[in-house]
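Below: the structure, in structure tokens.
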Amino acid sequence: MNVHDSEQMVELLGGQGYKTTDDVEKADLIIFNTCSIREKAEQKAYSELGRCRKLKLRKPHLIIGISGCLAQQLGAKFFKRAPYLDLVFGTHNIHRLPEMISHVEAAGSRVVETSFHDSVRSLGILALPRNGSISAYVTVMQGCNNFCTYCVVPYLRGREESRKLQDIVNEVVALADHGIKEVTLLGQNVNSYGETVNGCSGFSTLLKEVGGIEGIKRIRFTTSHPKDLSEDIIRCFAEVDDLCEHIHLPVQSGSDNVIKKMGRYYTSGDYLDKVAELREVCPDISITSDIIVGFPGETEEDFQKTVDLMEKVRFDGLFSFKYSERDGTAAVKFDNKVSEDVKGERLQIVQSLQEKHTLERNRALEGGVEDVLVEGFSKNCRDDVMGRTRSNKIVNFKGSADIAGKTVPVKITKAYLHSLRGELVWAKG
Ligand code: SAH
Ligand code: SF4
Numbered sequence: 004m005n006v007h008d009s010e011q012m013v014e015l016l017g018g019q020g021y022k023t024t025d026d027v028e029k030a031d032l033i034i035f036n037t038c039s040i041r042e043k044a045e046q047k048a049y050s051e052l053g054r055c056r057k058l059k060l061r062k063p064h065l066i067i068g069i070s071g072c073l074a075q076q077l078g079a080k081f082f083k084r085a086p087y088l089d090l091v092f093g094t095h096n097i098h099r100l101p102e103m104i105s106h107v108e109a110a111g112s113r114v115v116e117t118s119f120h121d122s123v124r125s126l127g128i129l130a131l132p133r134n135g136s137i138s139a140y141v142t143v144m145q146g147c148n149n150f151c152t153y154c155v156v157p158y159l160r161g162r163e164e165s166r167k168l169q170d171i172v173n174e175v176v177a178l179a180d181h182g183i184k185e186v187t188l189l190g191q192n193v194n195s196y197g198e199t200v201n202g203c204s205g206f207s208t209l210l211k212e213v214g215g216i217e218g219i220k221r222i223r224f225t226t227s228h229p230k231d232l233s234e235d236i237i238r239c240f241a242e243v244d245d246l247c248e249h250i251h252l253p254v255q256s257g258s259d260n261v262i263k264k265m266g267r268y269y270t271s272g273d274y275l276d277k278v279a280e281l282r283e284v285c286p287d288i289s290i291t292s293d294i295i296v297g298f299p300g301e302t303e304e305d306f307q308k309t310v311d312l313m314e315k316v317r318f319d320g321l322f323s324f325k326y327s328e329r330d331g332t333a334a335v336k337f338d339n340k341v342s343e344d345v346k347g348e349r350l351q352i353v354q355s356l357q358e359k360h361t362l363e364r365n366r367a368l369e370g371g372v373e374d375v376l377v378e379g380f381s382k383n384c385r386d387d388v389m390g391r392t393r394s395n396k397i398v399n400f401k402g403s404a405d406i407a408g409k410t411v412p413v414k415i416t417k418a419y420l421h422s423l424r425g426e427l428v429w430a431k432g
């Protein structure tokens, strides 16, 4: 989501004559788009920002701004922490960036803008693809009404707001006209898309509409909340041809006690039922998830239930995190905090188990043929191209750049933890 916000900023600033550069020394404007979901992300933002102090001393006309969740949280207090900052703006104010930059340029004075708006105008900024890219993100809703007890998102990104279906369709059509082949529909909880739009019957309707747009070959979406993953959304995996066989479905924990305290409103049994339904409708579906270890009150027994759930599901991939206490969230007041050491041990267990499962799931593809949408040259070898399977796994194989943007059948010859190796079978359209 932050990546997409940054793309929108690049688009808006392009209209003001700014171009992107890889060399920070050459920059006339630097914007840090921050995340504060966990403490680690927050610390990283502060240390990057600290490095800009010297740049500003050498180049006084350099404009430095900060945006995103951390900016939303601290607002004007940021100027005390980093007096060389010119601009602080929050998650609902991206559309005002040109105006704010003009103000800093003209008046040389600082600008801070962290107000929330009922209707988030930046949702509709069309960020056109750059550098021959074939995939794009499209925000379909923003904010979150769930208030999971560990999470800052509802406080920093505001309440849920869905975009109008027709606006989303128009945006995807425009992206297809610019050569985009794959779109990822984005939202904190995409499954509840439509609840805030009159006359819209929800996310499955949106998937079907986007599925019919010419030129778009693949649709993905993220993130889904298990409690809102309805049968009609699950059926879309069988009914919407362009919908890729992958779902990111964060479970967070395998213990019903912990899930309850997290305020997630499902049980581990409900989660396993959803997984079974998904696999029944779409046997090859790849399922990835998020897990938090060391939530307050998580006992050894609770943790073991998370491990058991992982064994039952065998995820294709997993993002796992140590619980990080966030100011203003309900869990700050919960008893029985888990020590950093125990969190570390549990994280290690989860990560090594997941490596085993990922490798096992990837190896199951060896010998088979996968449709691969080619993105371009591989990172490590110029004789190779890379693309992704519909299940979102990276495949490297020998090929020339002219097949970028095409979907080709590739025989999988070897599976690794983070990618697959293959051979082109024959090229098609
Ligand atoms: N809206 C999405 C995810 C948003 S944040 C959802 O509900 O699934 C992405 C992930 O960060 C979460 O799924 C969770 O696993 C993790 N996360 C959020 N807050 C956290 C915290 N305080 N400590 C550790 N991990 C956290
Ligand atoms: Fe955070 Fe929960 Fe909303 Fe996801 S659903 S953004 S974890 S509050």
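Residue numbering for the sequence shown is 4 to 432, as defined by this note's numbering. Each residue gets a CB set at the ideal place from its N, CA and C atoms; glycine is no exception. This structure is a prediction, so every number in the text was calculated from the model and none was measured.
- Contact annotation: the stretch 414-427 touches the stretch 378-397, with at least three C-beta pairs closer than 8 angstroms.
- When DSSP reads this structure, threonine 410 sits in a beta bridge with Leu376.
- Apart from the 5 residues on each side of it in sequence, isoleucine 295 sits with its Cβ closer than 7 angstroms to the Cβ of Tyr153, Gln255, Ser256, Phe324 and Tyr326 in its chain, given in chain order.
- In this structure, DSSP gives phenylalanine 206 a helical state, which the three-state scheme calls helix.
- Ranking Ala333, Gln354 and Ile67 by CA distance to the CA of valine 115 puts Ile67 first.
- For the alpha helix (DSSP H) assignment, the uninterrupted runs of no fewer than 4 residues enclosed by the stretch 237-293 are, from N- to C-terminal side, 259-264 and 271-284.
- In this structure, glycine 408 sits away from valine 388, with a CB-CB distance that is not shorter than 7 angstroms.
- As summarised for the stretch 57-95, the continuous alpha helix (DSSP H) elements at least 4 residues long and confined to that stretch are 72-77 and 80-84, given in chain order.
- Taking non-hydrogen atoms of the ligand SF4 into account, the C-beta of glutamine 191 is found less than 6 angstroms away from one of them.
- In the assembly as shown, cysteine 384 is an exposed residue. Its beta-carbon has fewer than 16 other beta-carbons within 10 Å.
- At least one heavy atom of the ligand SAH falls within 6 angstroms of the beta-carbon of phenylalanine 324.
- Cysteine 72 has its Cβ no nearer than 6 angstroms to any heavy atom of the ligand SF4.
- Burial check for arginine 133: the Cβ neighbour count within 10 Å stays below 16, so the residue is exposed.
- Partner residues in a beta bridge of asparagine 173, as assigned by DSSP, do not exist.
- Measuring C-alpha to C-alpha distances from valine 428 to each of Val372, Lys396, Ser233 and Lys417 identifies Val372 as the nearest.
- Excluding residues up to 5 positions away in sequence, Pro229 and Lys230 lie with their Cβ nearer than 6 angstroms to the Cβ of tyrosine 269 in the same chain.
- Counting of Cβ neighbours within 10 angstroms places asparagine 192 among the buried residues, the total reaching 16 or more.
- Per DSSP, the beta bridge partners of leucine 423 are Val398 and Ala418.
- Here the alpha carbon of proline 157 sits roughly 11 angstroms from the alpha carbon of threonine 94.
- Partner residues in the beta bridge of lysine 325, as assigned by DSSP, are Val296.
- In the DSSP assignment, tyrosine 140 falls within the unbroken beta strand (DSSP E) covering 138-142.
- Residue burial annotation: aspartate 170 is exposed, with fewer than 16 other C-beta atoms found within 10 angstroms of its C-beta.
- Pairing valine 186 with isoleucine 219 gives a Cβ-Cβ distance under 7 angstroms.
- Between the C-alpha atoms of serine 105 and methionine 12 there is a straight-line separation of about 14 angstroms.
- For valine 375 and glutamate 358, the gap between their C-alpha atoms comes out near 23 angstroms.
- Taking C-beta atoms under 8 angstroms as the contact rule, arginine 317 and glutamate 280 fail to qualify, at a distance of about 16 angstroms.
- Taking 8 angstroms as the upper bound for CB-CB distance, lysine 340 and proline 299 are in contact here, some 5 angstroms apart.
- Within the same chain, Phe35 come within 8 angstroms of glutamate 51 by CB-CB distance, once the 5 residues on both sides are set aside.
- Shown here, serine 165 sits in a strand according to DSSP, grouped into three states.
- Assignment of glutamine 307 by DSSP, reduced to helix, strand and coil, places it in the helix class.
- Glycine 161 is a Cβ neighbour of phenylalanine 119, given a cutoff of 7 angstroms.
- By the Cβ neighbour-count rule, glutamine 145 is buried, with 16 or more other Cβ atoms within 10 Å of its own.
- By the neighbour-count criterion, in which 16 or more other beta carbons inside 10 Å mark a residue as buried, glutamine 76 falls on the buried side.
- Here glutamine 145 carries a strand assignment [DSSP, helix/strand/coil].
- Rounded to whole angstroms, the gap between the alpha carbons of valine 335 and alanine 74 is 21 angstroms.
- Closer than 6 angstroms to some heavy atom of the ligand SF4: that describes the Cβ of asparagine 149.
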